[in-house]
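Below: the structure, in structure tokens.
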């Protein structure tokens, strides 16, 4: 009987992780559609470049502001319920886009989609960090991260595949159908009725650590490291195609393929990187990934041969996915289970914050010193992040 219960638990854990990963894919795919549709929006609504930029920036600002609220909520409600809330907000918003005829309403609905994106992440990561035992946590988070990376690739791909045959509003309706099926799957999970990720129901409220306890030195150090590494990474991702076109004489189409390779290889890099971290140490793998990203950045600057650059780009995508798996696992290590939702919201607040300023910072560097200087600056930030891991987290 005990064996049967164990099998049921593992089966339920796998089903929940699968549902969380599928939800993560949709959660990251739908927001990427609007990025791919910017030229379409500009034409249909007669937008200037500045107005199109505002249409992108306002939803991102709403997402950044709402992420902390989402973290507090994840520490108080059932995580599956919060995931369903996030996907439902995206589904309703995607339907409403079909009736949009003004820029203001379009921006408001796109903002709602990004709020749903923020609402999902703390609950999704907290749920996924608790489905497996601690020695398999990073593998589970790697698998969960792979869903998001796949979403980043599938969102723009769906626009390219469907826009020639259907209007852009129809593309959102197609994703709405997939969202509804995924919501139904999450609601029918038998496991959600019996499992609260690593939270003891008998734990007195007074024994829960205060919100201030989350600001311990190891966690704050990790957030700073993640911010430095993501600042460098986002500058590279923003200006990789420009560097390849203007400094390596690639066509725009070929340069875009290189950018897509980073997301595609991450689908494998997430689970595999998580498995490696569980086998050889999360902090050690975290250091290897950051060092690997810095080395790949240098090689992109140094190499000119097409196939050499292809190999390095694939390595960059692999290390980027591995870093996400190990960093998200460290968040769960440094934050008490009852405050893990808030911990993940602060983790994403750092990522969203630097991702907002990285393009502008890179633009200022590129205008004054050229695109290679952007890569040297990114590499320097990654080296600083690696040094911080070596001097602080490695010793704990």
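In this note's numbering, the protein residues as written are 6 to 401.
Beta carbons are placed, not taken as given, at the ideal position from N, Cα and C, and that holds for glycine.
Please read these numbers as outputs of a predicted model, since none were measured by experiment.
- In this structure, the straight-line span from the alpha carbon of residue 186 to that of residue 384 is close to 42 Å.
- Of all alpha-carbon atoms in 82, 57, 46, the one lying nearest the alpha-carbon of residue 345 is that of 82.
- Separation of the CB atoms of residue 142 and residue 334 is rounded to 5 Å, and the pair is thereby assigned contact status at 8 Å.
- Here residue 244 is near residue 376, since their CB atoms are less than 8 Å apart.
- By the Cβ-count criterion, residue 242 is buried, with 16 or more other Cβ atoms from all chains shown falling within 10 Å of its own Cβ.
- According to the DSSP assignment, residue 335 belongs to the alpha helix (DSSP H) that extends over 311-339.
- Straight-line spacing of the CA atoms in residue 224 and residue 112 works out to 35 Å.
- In this structure residue 119 is in contact with residue 65, their Cβ atoms being roughly 7 Å apart against a cut-off of 8 Å.
- Between the C-alpha atoms of residue 265 and residue 158 there is a straight-line separation of about 7 Å.
- Within the same chain, and ignoring the five residues on either side of residue 68 in sequence, the residues whose Cβ sits closer than 7 Å to its Cβ are 119, 120, 122, 123, 357.
- DSSP places residue 86 in the uninterrupted alpha helix (DSSP H) bounded by 84-101.
- Counting of Cβ neighbours within 10 angstroms places residue 150 among the buried residues, the total reaching 16 or more.
- Less than 8 Å divides the Cβ of residue 378 from the Cβ of residue 371.
- The beta carbons of residue 355 and residue 267 sit about 21 Å from each other, so the pair does not count as a contact at 8 Å.
- Looking at 398, 246, 114, the one whose alpha-carbon comes closest to that of residue 222 is 398.
- A contact between stretches requires three or more CB pairs, one per stretch, nearer than 8 Å, and the region 32-44 meets this requirement with the region 165-185.
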